[in-house]
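Note that this note's numbering has the sequence shown beginning at 12, numbered continuously upward.
Glycine residues also receive a C-beta, built at the ideal position from the N, C-alpha and C atoms.
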Amino acid sequence: MYGGNEVRSVREWLVLAGEFLSMAFPLWVSIGCVLGLMKPNCFNWVTPKVTIRGLNIIMLGMGMTLTLDDLRGALAMPKQVLYGFVLQYSVMPLSGFLISTLLNIAPHFAAGLILIGCSPGGTASNIITYLSRGNVALSVIMTTASTLTATIMTPFLTATLAGKYVAVDASGLLISTLQVVLFPVLAGAFLNQFFKPFVKLVSPLMPPIAVTTVAILCGNSIAQSSSAILVCGGQVILATFLLHASGFFFGYIFGRLLGLDVSSSRTISTQVGMKNSVLGIVLATKHFGDPLTAVPGAVSIVFQSIIGSILAGIWRDSMPVFN
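Here it is in structure tokens:
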């Protein structure tokens with residue numbers, strides 16, 4: 012009996028640690044970015060292989076949260092899922108292209124910004140949706156749908172919109188997206204469906220691992236181009252802020268214009284505004300020749316986390332929710 016209580020106690024501590032790290036997510040990412048800017052040598056050990064394996068672990072953890080019931084849930088709200096999917100892969104990609112054009116930012120920064128806009132929804136969006144009293148079921152379904160279809164949508168949209176700035180290896184992006192997103196997510200869902208005791212055992216470890224991994228990958232992206240960022244980083248920061256601000260704003264506005272309730276509109280706003288920027292970093296690092304292309308991804312994680320957290324605080328205390 013004592014042994015069982017001890018195991019439960021350890022698990023509870025791990026859950027609390029994971030929740031603490033998740034709630035302070037913007038802080039840890041910011042620390043990683045500042046460290047990458049000021050002490051870039053600290054990230055010399057982060058090789059491309061380490062980067063890919065890190066994202067594999069994050070996506071495996073996301074897959075472990077999925078069940079067949081989540082997928083069946085899409086059938087109960089087809090209109091919301093369809094609207095959300097279209098907005099996810101239209102608002103941010105076009106915003107990235109327009110902002111890059113209007114601000115006339117450097118080609119590799121522009122390509123990185125557009126790549127972020129074309130990435131699927133981020134897993135952190137589910138947390139923000141929960142905190143903002145949004146439609147959590149819809150959030151999970153939208154994250155799943157955008158992630159599974161990213162194998163086609165991300166390479167296609169990136170090649171279409173960023174091709175004017177740099178050469179885009181669409182087939183390479185497709186293969187990498189399959190390897191680092193689809194396969195790990197499906198593997199995680201398989202484990203959750205058929206090996207629930209194992210998933211229950213390791214699930215408390217996934218949030219701290221994910222947060223730590225994201226902070227390291229962001230810091231490494233900044234470290235790779237620290238000198239260039241110090242010279243022209245202000246432009247990238249402004250462009251990235253505008254990208255995510257437009258995603259949150261237009262996601263909500265279009266949701267309401269399409270007749271969705273407030274709760275679902277908040278969810279779509281969060282899904283559109285928050286992207287899987289780590290995927291953008293990995294793809295930029297692997298398929299674009301200039302390390303500057305990965306910089307918008309690192310900055311993106313900071314801004315989307317901050318904006319999302321602020322909106323969650325505002326929306327959580329505001330009513331009504333379901334009209």
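Problem set entry | Pairwise C-alpha distance: Tyr263 and Leu370 | Residue 370 falls outside the range modelled here, since the chain spans only 12 to 334, and no answer is possible.
Problem set entry | Gly174 in three-state terms, based on DSSP | coil
Problem set entry | Candidates Thr162, Val213, Val192: closest to Gly29 by CA position | Val213
Problem set entry | Residues near Leu105 by beta carbon distance below 7 Å, same chain, minus five either side | none
Exercise. What number of angstroms, rounded off, separates the C-alpha of Met10 from the C-alpha of Trp39?
Worked result: The requested residue 10 is not part of the displayed model; the chain covers only 12 to 334.
Exercise. Does the separation of the CB atoms of Lys297 and Ser187 fall below 8 Å?
Worked result: yes
For this session: Give a yes or no on whether the C-beta atoms belonging to Val162 and Leu189 are separated by under 8 Å.
Result: The sequence as given places Thr at residue 162; Val does not occur at that position. Yes.
Exercise. Would you report the Cα separation of Leu46 and Ile233, rounded to the nearest angstrom?
Worked result: 9 Å
Problem set entry | DSSP three-state assignment for Lys297, whether helix, strand or coil | helix
For this session: List the DSSP bridge partners of Gly132.
Result: Lys286
For this session: Compare the C-alpha of His255 against each of Ala221, Arg267, Ser288, Leu48 and name the closest.
Result: Ser288
For this session: Flag this pair as yes or no: are the beta carbons of Thr154 and Ser136 separated by less than 8 Å?
Result: yes
Exercise. Apart from the five residues just before and just after Ile116, which ones in its own chain have a Cβ nearer than 6 Å to its Cβ?
Worked result: Gln246, Ala250
Exercise. With respect to the alpha helix (DSSP H) encompassing Cys71, which residues constitute its N-terminal and C-terminal limits?
Worked result: Inspection of the sequence shows that residue 71 is occupied by Leu rather than by Cys. Its alpha helix (DSSP H) spans residues 59-74.
Exercise. How many Å lie between Pro331 and Arg277 at the Cα?
Worked result: Because Pro331 carries a pLDDT of 49, less than 50, the predicted location of this residue cannot be relied on, and the following value inherits that uncertainty. So the two alpha carbons sit approximately 12 Å from each other.
Exercise. If Thr78 and Asn203 are in contact, beta carbons under 8 Å, what's the gap, nearest whole angstrom?
Worked result: 6 Å
Problem set entry | Residues near Pro37 in its chain [Cβ-Cβ closer than 8 Å; skip 5 each side] | Val313, Ser316, Ile317, Ser320
Exercise. Got a sec? Which residues, its chain only, sit under 7 Å from Ile248 by beta carbon, not counting five neighbours each side?
Worked result: Val310
Exercise. Is the beta carbon of Ser237 less than 8 Å from the beta carbon of Pro59?
Worked result: no
Problem set entry | Through-space distance from Arg64 to Val57, alpha-carbon basis | 11 Å
Problem set entry | For Ile116, the three-state DSSP class (helix, strand or coil) | coil
Exercise. When the distance is taken between beta carbons, is Ala221 closer than 8 Å to Ile42?
Worked result: no
For this session: Spatial neighbours of Gln91 within its chain, please: CB distance less than 7 Å, with the 5 preceding and 5 following residues excluded, ordered by chain position.
Result: Leu149, Leu271, Ser275
For this session: Check Gly270 in the structure and name its three-state DSSP category.
Result: coil
For this session: Determine the DSSP secondary structure at Met88, reduced to helix, strand or coil.
Result: coil
Problem set entry | Where Ala121 falls: helix, strand or coil (DSSP) | helix
Exercise. If you drop the 5 nearest sequence neighbours on each side, which residues of the same chain put their C-beta closer than 7 Å to that of Leu8?
Worked result: Only positions 12 to 334 of the chain appear in the structure, and residue 8 is not among them; the question remains open.
For this session: Could you pull out every residue in the same chain whose Cβ sits closer than 6 Å to the Cβ of Thr140, ignoring the five residues on either side in sequence?
Result: Val147, Ser150, Thr278, Thr281
Exercise. What is the rounded straight-line gap between the Cα of Pro89 and the Cα of Pro131?
Worked result: 19 Å
Problem set entry | Length of the line joining the Cα atoms of Ser101 and Gly128 | 9 Å
Problem set entry | Val191 vs Leu71 beta-carbon contact at 8 Å | no
Problem set entry | Cut-off 6 Å between Cβ atoms - residues of its own chain near Leu27, not counting five sequence neighbours on either side | none
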